[in-house]
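Participant: Oh and the sequence shown: position 376 is 378 in our numbering, straight run, nothing missing. Mind looking over this structure? Questions follow.
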Amino acid sequence: MAGSEFVEVIGGLGAARVRSLFKEARARAPCIVYIDEIDAVGKKRSTNMSGFSNTEEEQTLNQLLVEMDGMGTTDHVIVLASTNRADILDNALMRPGRLDRHIFIDFPTLQERREIFEQHLKSLKLTQAGSFYSQRLAELTPGFSGADIANICNEAALHAAREGYKSIDTLSFEYAVERILAGTVKKSKILSQAERRVVAFHESGHALVGWLLEHTEAVMKVSIAPRTNAALGFTQILPKDQYLFTKEQLFERMCMALGGRVSEAITFNKVTTGAEDDLRKVTKIAYSMVKQYGMVPSIGHLSFPELESTPGIGRRPFSQGLQQMMDHEARVLVAQAYRHTEKLLLDNRDKLQTLANTLLEKEVINYEDMEALIGLPPHGPKKMIVPQSWLEAEKEKQDTGDGEPPQPPRNQEEDEEEPSLRPPSEPSRVFCERALLSSFTPP
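Shown next, in the form of structure tokens:
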């Protein structure tokens, strides 16, 4: 059952439904009871100053606890549950004797993504063998879920079919990854010359800061083409599968996020609303460093939850004075990152101008373009995989006869019985926040 099916408007029906479910399970023993999205009924019970709480959800949860580990429980009934919000589940529900075995399903690793891609690519007609694409696609998609990977394969197939190709090639996969990350190009959205210039310098600021700093990831592509997700431009970077971050790495991430705002300020002597998403990311990183990671000496080696799970009087685990200190230290970190970014861009203003002018001319530049325009990154090459080298590898295999050459657009009168490029089913899309894009977003 779904967790939401237990919650009813009329009081008592949720608890009655729980009793009915377990009564049937015991009658069918041995039996497995599976509850999907259990956070709908298993949230932490609220506490207030009066100590009184009697909501329908809590009555339902109490009945569920009784059925799972009460005086009248019997063997041979196993309860399984799933949720994306294990942090908000009631402690009594998670204790030994109830849901005491916890299995965390994380996003797939590089090797796992490669294997998932190979599985989905089996059903598609490809220009090259599936193994040619799987490793490269896995490197391009850190932080993607299995459903995201299926969606990329689906989008690539649809794109190839729309373009009239008989097989799916590298360009179709690139299009699919970009579509999932940033949306499609919105040709109907026409910016004024002044707005295009602002967006070009904004995105060039992100790209140049990421290029010059040591601990930032590779810049794969910079674009000022408006997107359907409301972004007026974006800088695509390639994060690594990294799980531990130093203070220096987090600080430089803040600098890269501020690159767009600083670039606007030093170029036009004014700022726009386009840096809203960037500032949100910077604020989150700064408060995480202060409040969770213990990276500020004045606060000490303390860690507090990012958000208090339940609002209420007396639940905050720190004083008002400490809160003010944390606010101050977060502002100090952001100010330091801003000054560092400003100095970096002022010292390399000619490179910023070069990137922006090229963007205004071409709309899109990639890693190779940046390398040709402003030279190698001062701290060494950052690229793990570059789409250009992928294209060259595909072309080499075609030239040697190892692969199928790319197909021209299909004639409208061509045989209608051509095998479909589309996968047998469209997977549901999973939306999750990733640190892959720095986008210029209008208000």
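Using N, Cα and C, we set each Cβ at its ideal position, and we do this for glycine too. None of the values given here were measured: they were computed from a predicted structure.
(1) Looking at the secondary structure, which residues open and close the alpha helix (DSSP H) in which VAL43 lies?
(2) Would you check if the segment 233-241 and the segment 285-292 touch, i.e. whether three or more CB-CB distances between them fall below 8 Å?
(3) Relative to the alpha-carbon of HIS122, which residue among LEU95, THR111, ILE154 has its alpha-carbon at the smallest distance?
(4) Rounded to the nearest angstrom, what separates THR356 and ILE376 at their Cα positions?
(5) Given ALA358, which residues of its chain have a CB within under 7 Å of its CB, disregarding the five upstream and five downstream residues?
(6) Pick out whichever of GLY145, ASN271, GLU176, SER321 has its Cα sitting closest to the Cα of ARG115.
(7) According to DSSP, simplified to helix, strand and coil, what is ASN350?
(8) Unbroken beta strand (DSSP E) runs of length 3 or more, entirely within the segment 213-254: which are they?
(9) To the nearest angstrom, how far is the alpha carbon of PHE24 from that of VAL81?
(10) LYS242: buried (16+ other C-beta within 10 angstroms of its C-beta) or exposed?
(11) Residues in the same chain with beta-carbon distance under 8 Å from VAL179, minus the five sequence neighbours each way, listed in chain order, please.
(12) Residue range of the alpha helix (DSSP H) that TYR177 falls in?
(13) Taking C-beta to C-beta, are PRO110 and GLY166 nearer than 8 Å?
(14) Anyone know if the C-beta pair for ALA184 and TYR369 falls short of 8 Å?
(15) Determine the extent of the alpha helix (DSSP H) in which ASN93 is found, giving its start and end residues.
(16) Nearest to GLU117 by CA position, among ILE107, GLN322, SER133, LEU63, is which residue?
(17) Kindly indicate which three-state DSSP category ASP102 falls into: helix, strand or coil?
(18) Taking ASP349 as the reference, give the member of VAL211, SER125, GLU120 with the closest Cα.
(19) Excluding five sequence neighbours on each side, which residues of the same chain lie with their C-beta closer than 6 Å to the C-beta of GLU216?
(20) Given that a residue counts as buried once 16 or more other Cβ atoms are within 10 Å of its Cβ, and exposed if not, what is LEU246?
(21) Would you report the Cα separation of PHE270 and ARG103, rounded to the nearest angstrom?
(22) Thinking C-alpha only, which one of SER190, LEU361, ARG30, LEU91 is nearest HIS208?
Facilitator: Reading from the atomic positions:
(1) By 1-based counting over the sequence shown, the position of residue 43 is 41. No alpha helix (DSSP H) contains VAL43, which DSSP labels as neither H nor E.
(2) A contact between stretches requires three or more CB pairs, one per stretch, nearer than 8 Å, and the segment 285-292 fails this requirement with the segment 233-241.
(3) Working through the sequence shown from its first residue, we reach residue 122 at position 120. It is ILE154 whose Cα lies nearest to the Cα of HIS122.
(4) Here residue 356 refers to the residue found at position 354 when the sequence shown is read from its first residue. Here residue 376 refers to the residue found at position 374 when the sequence shown is read from its first residue. Computed Cα separation, rounded: 8 Å.
(5) Residue numbering aside, residue 358 sits at position 356 when the sequence shown is read from its first letter. So the qualifying residues of the chain are ALA202, PHE203, SER206.
(6) If you number the sequence shown from 1, residue 115 lands on position 113. Comparing Cα-Cα distances from ARG115 to each of GLY145, ASN271, GLU176, SER321, the minimum goes to GLY145.
(7) On the sequence shown, position 348 is the one that residue 350 refers to. Reduced to three states, the DSSP call for ASN350 is coil.
(8) 220-225, 235-240
(9) Your numbering for residue 24 matches position 22 in the sequence shown. Your numbering for residue 81 matches position 79 in the sequence shown. For PHE24 and VAL81, the distance between alpha carbons rounds to 10 Å.
(10) In the sequence shown, residue 242 corresponds to position 240, counting from 1. When all chains shown are included, LYS242 counts as exposed.
(11) The sequence position of residue 179 within the sequence shown is 177, counting from 1. Cβ neighbours of VAL179 beyond the five flanking positions: LEU139, LEU142, THR143, ILE154.
(12) Locating residue 177 in the sequence shown gives position 175, counting from the first residue. Counted as a single uninterrupted DSSP element, the alpha helix (DSSP H) harbouring TYR177 occupies residues 172-184.
(13) The count along the sequence shown starts at 1 and reaches residue 110 at position 108. The count along the sequence shown starts at 1 and reaches residue 166 at position 164. In this structure, GLY166 does not lie closer than 8 Å to PRO110 by Cβ.
(14) Here residue 184 corresponds to residue number 182 of the sequence shown, with the count starting at 1. Here residue 369 corresponds to residue number 367 of the sequence shown, with the count starting at 1. No. Outside cutoff.
(15) Taking the sequence shown and counting its residues from 1, the one referred to as residue 93 is at position 91. Unbroken alpha helix (DSSP H) run through ASN93: 93-96.
(16) Start at 1 with the first residue of the sequence shown, and residue 117 comes out as number 115. The candidate whose alpha carbon is nearest that of GLU117 is SER133.
(17) Looking up residue 102 in the sequence shown gives position 100. Looking at ASP102 - three-state DSSP - the assignment turns out to be coil, as it is neither helix nor strand.
(18) Position 347 of the sequence shown holds residue 349. Nearest option by C-alpha distance: VAL211.
(19) Translated into positions along the sequence shown, residue 216 becomes position 214. For GLU216, where only same-chain residues beyond five positions count, the Cβ hits under 6 Å are HIS381.
(20) Reading the sequence shown from its first residue, position 244 is the one you call residue 246. Exposed, since its Cβ has fewer than 16 Cβ neighbours within 10 Å.
(21) Position 268 of the sequence shown, counted from the first residue, corresponds to residue 270. Position 101 of the sequence shown, counted from the first residue, corresponds to residue 103. Going from the Cα of PHE270 to the Cα of ARG103 covers about 57 Å.
(22) Indexing the sequence shown from 1 puts residue 208 at position 206. Per the Cα distances, LEU361.
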